[in-house]
Structure formats: C-alpha cells, structure tokens
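Chemist:
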Amino acid sequence: MKLTGAQALIKSLEQEKVEVMFGLPGGCILPVYDPLIDSSIRHILVRHEQGAGHMAEGYAHATGRPGVAMVTSGPAATNIVTPLADAYMDSIPIVVITGQVPTTAIGSDAFQECDTVGITMPVTKHNWLVTDAQDIPQIVREAFHVATTGRPGPVLIDFPKDVANQAMDWYWPDAVDLPGYKPNTKGHPKQIKEAARLINEARRPVIYAGGGILKARAAGALRELAEATGIHVVTTLMARGAFPDDHPLAMGMPGMHGNYTAITAMQQSDLLIALGSRFDDRVTGKVGAFAPDAKIIHVDIDPAELGKVRRPDVPIVGDCRQVIEELIKAVRSAQEKNERPDLSDWDRTITGWQHDFPLRYEQPEGGTLKPQYVIESLRDHTPDDTIVASGVGQHQMWTSQFWKFNHPYTWVNSGGLGTMGFAVPAAIGAKVGMPERMVWAVDGDGCFQMTAQELVTASSERIPVKIAILNNAYLGMVRQWQELFYEERYSEVYLSPDLPDYVKWAEAMGCVGFRVDNPEDVVATIEKANEIDDRPVVIDFRTDYREKVYPMVAAGSSNDDVILGPEFNEQDVVQ
C-alpha cells in the first residue's frame with residue numbers, strides 16, 4: 001500500500017494506539033495535518049506550543065500512557081523545549097513531533113528553520129531527524145518504545161516537509177531492535193539479598209520513595225513492603241500519592257518544605273531505602289550533612305543515578321516494582337530465620353515528632369484568607385480521587401503539604417525543572433486523559449498569567465477543568481526568599497491584586513469566574529464550582545500576601561536546621 005510520509009506518520013500513531021494529541025499547525029508540519037482530518041485521533045488545538053507540551057505531560061502523568069504533541073518548525077519547536085526539559089527532569093513519557101524545513105533547505109537558514117535536533121538533544125532521551133519516508137513506521141515504533149521503557153522520558157521526531165510529501169510502501173515493524181538500548185529491569189539477586197539483610201538489621205530505617213515508584217506502577221508493591229517490614233515511608237514531591245497519606249506508616253513529604261517528621265526521620269535514620277528517588281538537592285539539603293549515620297540501599301532503573309549524589313552501600317539497578325517484589329520475598333525469607341527487628345522505639349519517636357511538630361497555620365475568624373485554608377477546603381470538598389495539578393512556588397508546596405494524597409496518579413506537578421505556568425495546561429491534559437475524574441489546578445497568580453490562554457482551548461474543546469488561583473499579588477516564593485535572606489529588599493516581585501481582573505479574564509475565555517475575599521465564602525464557592533461540569537471554572541482566592549511556606553530548610557543548609565515557622569516557639573525547635 002502506497003502512502004505519503006504524512007499519511008504514514010498518522011497511521012503509525014494509530015498503530016501505537018494514540019487516541020489524542022495536542023498541537024498547533026504551521027507551514028512545515030502542514031502536510032501532516034491533512035491526513036489527520038480522516039484519522040481516529042482526536043486533535044486538541046492549543047493556543048501556544050508550550051501548552052501542547054504541558055498538556056501531553058499532564059495526560060501522561062494521569063494515565064501512564066505517553067502524551068503526544070505535534071507542532072511546526074522554528075519558533076514552534078523552540079516553544080516546546082520547556083515542556084521537553086520538564087518531562088526529561090521528571091521522567092514523563094511524551095512523544096513530540098516537530099515540523100522541519102525540507103531536507104534540501106536544512107542548513108540554509110530557511111524561513112522558520114532551526115536545529116531542532118541539536119537544541120533538544122540535551123533534554124530528550126533520544127531524537128530522530130527523518131530523512132526517508134520509508135523509515136517512518138520504524139522510527140515511530142522506536143520512539144514510543146524509548147519513551148515508555150527503562151526510565152521514561154521525552155523523545156522527539158523532527159519531520160521535514162519534503163519527507164511528509166514523499167511516497168512510501170506501508171509496513172508496520174514486528175519488533176524494535178536497538179542494540180545500544182537495553183534497560184536492565186531485573187535487580188541482581190545477591191544485591192537484593194544483601195538489601196534484605198540490612199533491612200532486618202536496621203533499628204531506625206526509612207523508606208525514601210521517589211517518583212520512580214509511580215513510573216514503575218509500584219505503589220501496591222511499596223505498600224506491601226512497608227507493611228511487611230513496618231518501616232515508615234516518606235514520599236517526595238514527585239511521589240505524592242505513591243503511598244497513602246492516611247496510612248499509619250506515612251510520613252509525608254521530606255525536603256526543603258517537607259514536614260518536620262519526614263525531614264528529621266531521614267536525618268536520624270540508620271538505613272535509607274531509596275526507591276526510585278535521586279537524592280535531589282531539595283531533599284538532601286547540604287549533601288555532606290544529609291542522613292550522616294544512614295546506610296543506603298538505592299534502587300533505580302537508571303544506573304547513572306546510583307552514586308551520583310550519595311554512594312550507596314547496596315546499589316540495585318532495576319525496575320522498582322520488580323525489585324521491590326523480589327525484596328519482599330527476600331525480607332520474608334530472612335524473617336523466617338530471624339525475628340523481625342523491634343522498631344517500637346523508633347515508631348514512638350516518629351509518633352512523638354508527628355504529635356509535637358505538625359503542619360500549623362491559623363485562620364482567624366473574619367480575618368485575611370489564608371492559602372492553607374483554601375487548600376484544606378478544596379481537599380475536604382472534592383472527591384477522594386480528585387486529580388490536582390499545581391504550578392510552581394508557594395502554592396505548590398502548600399498543596400503538597402495540606403492535600404491528602406491517598407491514591408496514586410492524583411498529583412500532577414513540575415518537580416525537577418520547576419516550571420511556572422505548568423498547572424493550567426497540565427490539568428487540561430489530565431482531564432482529557434481521565435475525563436470521568438474531577439480535575440482541579442491550584443495555581444498562583446504569577447503562574448496563571450503565563451499560560452492562562454489555554455483556558456480558551458479548554459472552553460472550546462469542552463474540557464471542564466477547575467482552577468483555584470491563590471492570588472497574593474506577589475511572586476510569593478521569591479518574595480519569601482527576599483524577606484528571609486535579602487533583608488526584605490523586595491526587588492521586582494509585586495504583581496497586583498486587581499490587574500488583571502481574573503473574573504473578567506475567565507469570562508472572556510469562556511469560563512465561569514468567581515472571586516473570594518473572605519474565609520466564610522470559600523466552601524460555598526468551591527461547591528458552586530464543583531456543580532459546573534460543562535465549562536472550565538476559575539476562582540480568584542484573595543489570600544494573605546504575608547503568609548510564608550513552613551517548615552523550611554534554607555538552600556545549602558543542613559536538614560538539621562529546620563525553620564518551623566512563627567506558630568512554634570523558639571524552645572520548640574529541636575536542633
């Protein structure tokens with residue numbers, strides 16, 4: 001069967017069971033948009049290429065399936081670099097297709113030409129420049145394989161216009177053969193046995209669960225391991241929901257803005273069982289002072305992560321789910337020979353910290369609206385399995401702290417790259433992937449202004465996401481650092497409480513808009529928003545600009561130096 005390269009590309013995407021893609025057409029990708037008319041694939045027309053990439057990410061976060069975005073050449077390709085970098089940092093499987101000038105014009109500085117392959121090489125797992133239409137099915141098959149296996153991540157196919165118009169003989173490859181790409185998924189049995197020995201000797205162990213748990217679909221295995229060993233679990237920002245917050249062994253989020261118990265338990269542990277986590281600087285603080293007495297078991301699908309920051313005593317390369325399942329067997333086998341370790345003293349210590357140092361804030365009756373109160377109200381007046389997306393900054397930290405994540409794949413956020421403007425398009429992508437679920441985005445006023453135009457996409461495509469703006473009229477996290485570390489010299493962080501008018505802006509984009517100034521109106525407005533299911537909703541919550549995120553470990557400081565916040569007296573702080 002003879003097809004054009006453009007037809008072959010669309011047919012290959014259909015073979016990969018792609019149901020939806022996000023994109024924006026332009027000159028060089030135009031030939032591919034023609035066969036898309038006759039395809040079963042739903043195309044969602046975005047208002048900016050960055051939005052297409054973040055929507056693909058949100059879709060992948062929520063569904064576990066690869067997100068797909070397609071844009072044209074030049075500025076369109078450079079606009080989608082940020083989502084590629086974001087997905088690369090957070091191991092999100094997305095496939096991006098970019099148009100390119102004809103092969104005969106590459107290198108001539110043709111209109112809307114750029115070296116897309118060169119630009120994106122550092123922020124993709126792999127990328128391909130298609131030069132022969134006959135290679136298209138093979139390249140598409142390889143692209144999806146690379147994006148979704150091993151450590152997941154973004155890939156890119158650069159598609160010249162003349163290749164799109166070439167004729168080819170259709171085929172679909174039976175297999176993928178990439179000799180240089182063979183992810184090791186099965187952990188070494190001797191290393192697993194040694195890890196089980198350390199677990200059964202430890203008296204102050206902590207499971208340090210990272211985003212790799214979710215990528216490996218290992219939430220169930222993690223829970224089984226925790227319950228089999230009685231070991232408490234911290235879940236990083238990227239792992240929220242991987243272990244239920246309502247579980248007795250849950251300690252919540254560690255790190256720079258983690259809770260005191262999670263931070264301090266890691267510091268005082270004698271064994272850290274790092275599962276799909278990468279010892280990120282936001283978790284470790286000053287690396288030389290991090291968990292000084294702890295031995296390290298480090299499990300990761302990516303061998304480059306082992307020893308990158310902290311040398312493990314037991315390194316295990318492998319898929320988290322498969323390794324954890326084998327580790328459970330090894331632990332139980334060891335427990336049959338020896339008594340299960342007595343962790344009661346450690347349990348009491350952890351329980352004491354949880355009692356003495358909970359997350360605290362005060363919402364005075366009739367007083368200024370506190371952002372934490374908004375988060376708790378959203379949490380308590382939405383379904384238990386609501387998907388919540390966030391932007392980056394104070395609102396992201398408050399959401400991770402105060403929302404209760406009891407289900408995996410309900411938290412969509414930008415962790416490693418920290419991309420402002422992520423929330424709105426990512427929430428749209430998540431809702432497209434999981435249309436039966438309620439999806440809320442918690443955004444800041446600074447973040448919202450970066451990508452709010454994608455609510456036009458949501459309105460026109462009937463994607464009823466809900467957006468809560470925590471509007472403090474500042475770039476809040478930057479202001480917090482300036483207050484604490486720059487002697488309150490507030491340089492270029494003030495936005496404005498009234499410019500723009502978020503209600504009018506929401507309505508202009510086809511959304512329903514609400515404004516909330518008083519704590520007494522929060523719940524009633526959330527309930528109104530929940531009842532609207534035929535269009536997006538935006539709520540402008542006017543929150544206290546003075547509120548800061550605590551606890552906090554200052555950048556470069558030891559995790560022993562936790563700033564608990566004004567709700568605690570100085571004598572409460574345990575160094």
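Once you know that position 339 of the sequence shown is 339 in the working numbering, the rest is easy, because the numbers rise by one and skip nothing. Quick reminder that beta carbons are idealized off the backbone N, C-alpha and C, glycines included.
If we ignore side chains and look at the alpha-carbon of each, how far apart do G67 and R479 end up?
Modeler: About 35 Å.
Chemist: Could you give the DSSP three-state label for E567: helix, strand or coil?
Modeler: The answer is coil: DSSP assigns E567 none of H, G, I, E or B.
Chemist: Consult DSSP for M251 and reduce its assignment to one of helix, strand or coil.
Modeler: Looking at M251 - three-state DSSP - the assignment turns out to be strand.
Chemist: Between the segment 271-283 and the segment 299-308, can you find at least three pairs of beta-carbon atoms closer than 8 Å?
Modeler: The segment 299-308 is in contact with the segment 271-283.
Chemist: Grouping DSSP H, G and I as helix and E and B as strand, with all else coil, what is P315?
Modeler: Three-state result, P315: strand.
Chemist: Considering only C-alpha positions, which residue in the set L249, E113, D319, E142 is nearest to G578?
Modeler: Nothing in the structure corresponds to residue 578, since the chain is present only between 1 and 575.
Chemist: State whether the segment 40-56 contacts the segment 14-26, with contact taken as three or more CB pairs (one from each stretch) at a distance under 8 Å.
Modeler: The answer is yes - the segment 14-26 touches the segment 40-56, with three or more Cβ pairs under 8 Å.
Chemist: Who are the near neighbours of K2 in its chain, counting only those whose CB is closer than 7 Å to its CB and skipping five residues on each side?
Modeler: Closer than 7 Å at Cβ, skipping near neighbours: A167, D169.
Chemist: Kindly list the residues whose CB is nearer than 8 Å to the CB of H381, restricted to its own chain and excluding five residues on each side of it in sequence; keep chain order.
Modeler: Excluding residues within five positions, the ones whose Cβ falls inside 8 Å are V523, I526, E527, N530.
Chemist: How is the alpha helix (DSSP H) around P31 delimited, first residue to last?
Modeler: Element bounds for P31: 30-36.
Chemist: Please go through the same chain and pick out, in chain order, the residues whose beta-carbon is closer than 6 Å to the beta-carbon of K466, but skip the five residues on each side of it.
Modeler: Excluding residues within five positions, the ones whose Cβ falls inside 6 Å are W440, A529, V537.
Chemist: Is it right to say K17 is buried, meaning 16 or more other beta carbons lie within 10 angstroms of its own, or is it exposed?
Modeler: Exposed is the call here.
Chemist: Below 8 Å on the Cβ atoms is my guess for F551 versus I263; work out the distance and round it to an integer in Å.
Modeler: The amino acid at residue 551 is misidentified as Phe; the sequence shows Pro. Confirmed, Cβ separation roughly 7 Å.
Chemist: For D533, which option in Q322, K337, L484, E461 has the closest C-alpha, if you only look at C-alpha atoms?
Modeler: The shortest C-alpha separation from D533 is found at E461.
Chemist: Please classify T116: does DSSP put it in a helix, a strand, or coil?
Modeler: Three-state result, T116: helix.
Chemist: If you measure between the beta carbons of G391 and G429, is that distance less than 8 Å?
Modeler: Cβ atoms of G391 and G429: not closer than 8 Å.
Chemist: Report yes or no: do three or more beta-carbon pairs, one from the segment 368-381 and one from the segment 541-555, lie closer than 8 Å?
Modeler: The segment 368-381 vs the segment 541-555: in contact.
Chemist: On the DSSP letters alone, give me the boundaries of the beta strand (DSSP E) that M397 sits inside.
Modeler: Note, M397: premise wrong, no beta strand (DSSP E); alpha helix (DSSP H) at 394-402.
Chemist: What does the Cβ neighbour count give for F448, buried or exposed, with the cut at 16 atoms within 10 Å?
Modeler: Classification of F448: buried, given that the 10 Å Cβ count is 16 or more.
Chemist: Helix, strand or coil, according to DSSP, for W505 in the structure here?
Modeler: Note: W505 maps to helix in three-state DSSP.
Chemist: Quick check on the burial criterion: 16 or more other C-beta atoms within 10 angstroms. Buried or exposed for H355?
Modeler: When all chains shown are included, H355 counts as exposed.
Chemist: On the three-state DSSP scale, how would you describe W411?
Modeler: Residue state, collapsed to three classes: strand.
Chemist: Out of D342, R240, K215, D313, point me to the one whose CA is closest to D302's CA.
Modeler: Comparing Cα positions, the closest option is K215.
Chemist: Taking Cβ positions, are G118 and G26 nearer each other than 8 Å?
Modeler: Their beta carbons are not under 8 Å apart, which means G118 does not touch G26 by this criterion.
Chemist: Using CA atoms only, rank isn't needed, just tell me which of H145, H126, E326 is closest to I157.
Modeler: For I157, the nearest C-alpha among the options comes from H126.
Chemist: Give me whichever residues DSSP pairs with L24 in a beta bridge.
Modeler: L24 pairs with V71.
Chemist: Go through its chain and collect everything with a Cβ distance to C28's Cβ below 7 Å, but skip five positions before and after it.
Modeler: Here the set comprises T72, S73, G99, Q100, V101, Q112, K161.
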